[in-house]
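A.B. asks: Line by line, the protein sequences are chains A and B.
The first sequence begins at 1334 in my numbering and counts up by one.
The second sequence begins at 39 in my numbering and counts up by one.
Ideal placement from N, C-alpha and C gives every residue a C-beta, glycine not left out.
Note that the structure is predicted; figures quoted are calculated from it, not measured.
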Amino acid sequence: MMKHNSRQIKNKDNNGFSEQLKAYLLLHAHALFSSLGRMVRNSFTSIMTIIVMAIAISLASGFYLLVVNMQQLTGELEATNQISLFLKTNVSDNAGEKLAEEIRKNNAIDKVVLITKEQALTEFKQYSGFGDVLDILENNPLPTVIQVLPSNTLNDMQGIENLMKQFNQLAKVDFVQLDMKWVQRLQSMMDIMQKAVFVLTILLGFAVVVITGNTIRLELQNRQDEVLVAKLVGATHAFIQRPFLYTGFWLGFISGLVAWVLVSFILLILQSPIEKLSILYDASFDLSYFSFVEVLSLLILSSILSVVGAWVVLHYQLQKIKPK
Amino acid sequence: MLKFDHVSKRYADAGDALLDVSFHLKAGEMAFLTGHSGAGKSTLLKLIAMMELSTRGNILLDGQNLNKITEKQIPFIRRKLGLIFQDNKLLQDRTIFDNVALPLVVSGYSYQEIGRRVRASLDKVGLLGKEKKYPLALSGGEQQRVGIARAVINKPRLILADEPTGNLDPELSAEVMHLFEQFQKVGVTVLIASHDVDLLSQMGHRILTLDHGQLKAS
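#1: Within 10 Å of its beta-carbon, does residue 69 of chain B have 16 or more other beta-carbons around it, so buried, or fewer, so exposed?
#2: With a CB to CB cut of under 6 Å and the five nearest residues on each side skipped, what residues in its chain are close to residue 47 of chain B?
#3: For residue 1373 of chain A, which residues from the same chain have a beta carbon less than 8 Å from its beta carbon, with the 5 sequence-adjacent residues on both sides left out?
#4: Measure the alpha-carbon distance for residue 1636 of chain A versus residue 1608 of chain A and round it to whole angstroms.
#5: Helix or strand or just coil, what does DSSP make of residue 1436 of chain A?
#6: Could you tell me which chain A residues have their CB closer than 9 Å to the CB of residue 21 of chain B, listed as they occur along the chain?
#7: When the Cβ atoms of the segment 1594 to 1601 of chain A are set against those of the segment 1518 to 1538 of chain A, are three or more pairs found closer than 8 Å?
#8: Please list the partners that residue 241 of chain B has in chain A, where partner means a Cβ-to-Cβ separation under 9 Å.
#9: Answer with yes or no whether the minimum CB distance from residue 40 of chain B to chain A is below 8 Å.
#10: What is the residue span of the alpha helix (DSSP H) that residue 161 of chain B lies within?
#11: Could you name the residues of the same chain whose beta carbon sits closer than 8 Å to that of residue 1560 of chain A, not counting the 5 residues immediately before and after it, in chain order?
#12: Would you report the Cα separation of residue 145 of chain B and residue 1624 of chain A, rounded to the nearest angstrom?
#13: Within the 8 Å Cβ cut-off, does residue 141 of chain B reach chain A?
#14: When the Cα atoms are used, what is the spatial distance from residue 240 of chain B to residue 246 of chain B?
#15: Would you say residue 83 of chain B lies against chain A (beta-carbon separation less than 8 Å)?
#16: Taking 8 Å as the threshold (beta carbon to beta carbon), is residue 1577 of chain A in contact with chain B?
#17: Just reading off the beta strand (DSSP E) that residue 1574 of chain A is part of, what are its end residues?
#18: Just the Cα atoms here: how many angstroms apart are residue 158 of chain B and residue 129 of chain B?
#19: Could you work out which residue in A/1593, A/1639, A/1643 and A/1620 is closest to residue 1393 of chain A when comparing CA atoms only?
#20: Go ahead and pull the three-state DSSP assignment for residue 233 of chain B.
#21: Can you pull the chain A residues whose beta carbon is under 9 Å from the beta carbon of residue 116 of chain B, in chain order?
#22: Do residue 166 of chain B and residue 174 of chain B have their CB atoms nearer than 8 Å?
#23: Taking C-alpha atoms, which residue in B/228, B/45, B/40 and B/83 lies nearest to residue 1656 of chain A?
#24: Are residue 1484 of chain A and residue 1441 of chain A close, meaning C-beta to C-beta below 8 Å?
#25: Within 10 angstroms of its Cβ, does residue 154 of chain B collect 16 or more other Cβ (buried), or is it exposed?
#26: Quick one: which chain E residues come within Cβ less than 7 Å of residue 1656 of chain A?
#27: With distances taken between CB atoms, is the gap from residue 1497 of chain A to residue 1482 of chain A smaller than 8 Å?
#28: What does the alpha-carbon distance come out to for the pair residue 105 of chain B and residue 39 of chain B?
#29: Could you run through the segment 91 to 111 of chain B and flag, in chain order, every residue whose CB is less than 7 Å away from some CB of chain A?
#30: Quick one: is residue 134 of chain B buried, meaning 16 or more other Cβ sit within 10 Å of its Cβ, or exposed?
#31: Threshold first: 3 residues or longer. Then list the beta strand (DSSP E) segments lying entirely within the segment 87 to 111 of chain B, N to C.
#32: When we look at the beta-carbon of residue 49 of chain B and count the other beta-carbons within 10 Å, is it buried (16 or more) or exposed?
#33: In terms of residues, what are the limits of the beta strand (DSSP E) holding residue 1558 of chain A?
#34: Residue 49 of chain B by DSSP, collapsed to three states: which one?
#35: Could you pull out every unbroken alpha helix (DSSP H) segment of at least 4 residues lying fully inside the segment 1490 to 1567 of chain A, listed in chain order?
#36: With residue 1586 of chain A and residue 1632 of chain A assumed to form a contact (beta carbons below 8 Å), what rounded beta-carbon distance in angstroms separates them?
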């Protein structure tokens, strides 16, 4: 387009370069706002399209945010190669304390924490939601637990296995659980989810391209007369497709905005149950919303996908519309 | 200005529309193109406006061979032309101003320039003051004159009109034809396709007659 303009400048005697540039920018500004105005006038169609696209975008971005949050959650859990020793229920807290002392002497152990039956009960009442039910029971059914944090690194699986064997042989111990096991399971589940979200994002991104493309195709059909007349009076393809590309931009941009609001709203609803859940995992967990950069990326990406959808359709359809 | 050199046009389904047509229209000349319906008048104009491509022969417009024009150059060829149609091809949802301004808008003129020239152009066809009206609010003759105003606003070197008086009564037809004469007087080349033989013979311009795609010696 610029090239064509510069050609005109040479042909025109009384129009300076700055005048031409101004006219060119005005042309863009006009296309930008007239396409928005046209969308407002055809608000029903526009809103339908935007809703469909916003749902697609919020699905993708919502799952992305879910993974980000889960990663943060499992990231915090990563450091726990903690071993829990559940003592037999007939072992008293005092006996448990003695056992904890013995374990503390082991060089391979960094930290030992004893959770008495009473503490376990209080904690359970607080977080499980079964508090009232537990009140009915006469005796505390919970065992004493010793939490052991080995001093060796997470990588030394052999060392941890050895420790667990030792603990298992202790007479007072009912069973031994390595907390890392389920963290590992969770993490491999996270890997799967991450890949699933990636695939989902590509699919939904493709959906955005197709939805915009189809909307622009219909719009082009509705304005066929206008396109024909414009071609007859010497409009270039660049000129004709410009307002349609801007329509694509607006569709993508507004859908991105709506998706952002939608996902944030859903997170707001989920915030308090998630916080409760995170307490259950002993994690101080802050729910992540979209960061500024993420919102910006979301808007840019949805706009670009939309413009691409519009461009592809225009590229093929505009050539078909020929004055007869 | 416009030269046809042994031009033929064959449609795959309808056969020969033009057969070995040669003529030369000098700059500033006004000519009529006439013949029975289906003689090839519209096809000939479409070749010049690059709505169709010739099957054989060369068309030279202002020194440029239209056979050698690429798809991307077509808009710039059309900007040299003023096209007028029987059905005037006005956009019904746009005002007269916007309709007339369209050729300037697509060429990237500034708003001030557009406003000035639209008024000048409407003045020439006697419709100044109707800028804000919509085409349907105008009579058939007035709509045709809006079409003419749009065709001449870009100061074309060549005006092509396809049955511009086809839908008009004799009085309005004469009026429109005189309008074309005025453009010719200021140096524009004019080629008008029309079957209104009575009107054309009165005007005393060159007449090109097509018969089954062939140009009859005049």
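C.D. replies: From the atom records:
#1: Translated into the one-based positions of the second sequence, residue 69 of chain B becomes position 31. Buried, since its Cβ has 16 or more Cβ neighbours within 10 Å.
#2: Within the second sequence, the letter at position 9 stands for residue 47 of chain B. Contacts found: 55, 56, 81, 92 and 93.
#3: Residue 1373 of chain A sits at position 40 when you count from the first residue of the first sequence. Contacts found: 1379.
#4: As a first step, residue 1636 of chain A must be located in the first sequence, where it is residue number 303. As a first step, residue 1608 of chain A must be located in the first sequence, where it is residue number 275. One C-alpha to the other measures close to 34 Å.
#5: Taking the first residue of the first sequence as 1, we reach residue 1436 of chain A at position 103. Here residue 1436 of chain A sits in helix by DSSP.
#6: This structure leaves residue 21 of chain B out entirely; chain B is present only between 39 and 256.
#7: no
#8: Along the second sequence, one-based indexing puts residue 241 of chain B at 203. Result: empty, since nearest Cβ-Cβ is about 27 Å, beyond 9 Å.
#9: Here residue 40 of chain B refers to the residue found at position 2 of the second sequence. For residue 40 of chain B, the answer is no, since every Cβ of chain A falls outside 8 Å of its Cβ.
#10: Residue mapping note: residue 161 of chain B aligns to position 123 of the second sequence, counting from 1. 149 to 162 is the extent of the alpha helix (DSSP H) around residue 161 of chain B.
#11: Stepping through the first sequence from its first residue, residue 1560 of chain A is reached at position 227. Hits under 8 Å: 1553, 1573, 1651 and 1654.
#12: The residue given as residue 145 of chain B occupies position 107 in the second sequence. The residue given as residue 1624 of chain A occupies position 291 in the first sequence. Looking at the two C-alpha atoms, the distance is approximately 44 Å.
#13: The residue given as residue 141 of chain B occupies position 103 in the second sequence. So yes, residue 141 of chain B belongs to the interface.
#14: Here residue 240 of chain B is taken as the residue at index 202 of the second sequence, counted from 1. Here residue 246 of chain B is taken as the residue at index 208 of the second sequence, counted from 1. So the two alpha carbons sit approximately 15 Å from each other.
#15: On the second sequence, residue 83 of chain B is found 45 positions in, with the first residue counted as 1. No - not a single Cβ of chain A is within 8 Å of the one on residue 83 of chain B.
#16: On the first sequence, position 244 is the one that residue 1577 of chain A refers to. Cβ-Cβ to chain B under 8 Å: no for residue 1577 of chain A.
#17: Against the first sequence, residue 1574 of chain A aligns to sequence position 241. Where residue 1574 of chain A is concerned, there is no enclosing beta strand (DSSP E), although the alpha helix (DSSP H) it sits in stretches over 1570 to 1613.
#18: The sequence position of residue 158 of chain B within the second sequence is 120, counting from 1. The sequence position of residue 129 of chain B within the second sequence is 91, counting from 1. Going by the C-alpha atoms only, they are around 20 Å apart.
#19: In the first sequence, residue 1393 of chain A corresponds to position 60, counting from 1. It is A/1593 whose Cα lies nearest to the Cα of residue 1393 of chain A.
#20: Along the second sequence, one-based indexing puts residue 233 of chain B at 195. The answer is coil: DSSP assigns residue 233 of chain B none of H, G, I, E or B.
#21: Indexing the second sequence from 1 puts residue 116 of chain B at position 78. Here the neighbours are 1564, 1565, 1566, 1567 and 1568.
#22: For this step, residue 166 of chain B is matched to residue 128 along the second sequence. For this step, residue 174 of chain B is matched to residue 136 along the second sequence. Contact: no.
#23: The residue given as residue 1656 of chain A occupies position 323 in the first sequence. Residue 1656 of chain A has its Cα closest to that of B/83, out of B/228, B/45, B/40 and B/83.
#24: Position 151 of the first sequence, counted from the first residue, corresponds to residue 1484 of chain A. Position 108 of the first sequence, counted from the first residue, corresponds to residue 1441 of chain A. Yes, the pair counts as a contact, with Cβ atoms nearer than the cut-off.
#25: Locating residue 154 of chain B in the second sequence gives position 116, counting from the first residue. The residue is exposed, with fewer than 16 neighbouring Cβ atoms inside 10 Å.
#26: The structure shown has no chain E; the protein chains it does contain are A and B.
#27: Counted from its first residue, the first sequence places residue 1497 of chain A at position 164. Counted from its first residue, the first sequence places residue 1482 of chain A at position 149. Result no, Cβ atoms of residue 1497 of chain A and residue 1482 of chain A do not sit closer than 8 Å.
#28: Taking the first residue of the second sequence as 1, we reach residue 105 of chain B at position 67. Taking the first residue of the second sequence as 1, we reach residue 39 of chain B at position 1. Residue 105 of chain B and residue 39 of chain B: Cα-Cα distance of roughly 16 Å.
#29: The residues in question: there are none.
#30: Along the second sequence, one-based indexing puts residue 134 of chain B at 96. When all chains shown are included, residue 134 of chain B counts as buried.
#31: 94 to 99
#32: Along the second sequence, read from residue 1 onward, the residue named residue 49 of chain B stands at position 11. With fewer than 16 Cβ atoms within 10 Å of its Cβ, residue 49 of chain B is classed as exposed.
#33: Taking the first sequence and counting its residues from 1, one reaches residue 1558 of chain A at position 225. First-last for residue 1558 of chain A: 1557 to 1565, but that is the alpha helix (DSSP H), not the beta strand (DSSP E).
#34: Numbered from 1 along the second sequence, position 11 holds the residue referred to as residue 49 of chain B. Residue 49 of chain B: strand per DSSP, three-state reduction.
#35: 1490 to 1502, 1512 to 1555 and 1557 to 1565
#36: Here residue 1586 of chain A refers to the residue found at position 253 of the first sequence. Here residue 1632 of chain A refers to the residue found at position 299 of the first sequence. Contact flag correct, Cβ pair sits at about 6 Å.
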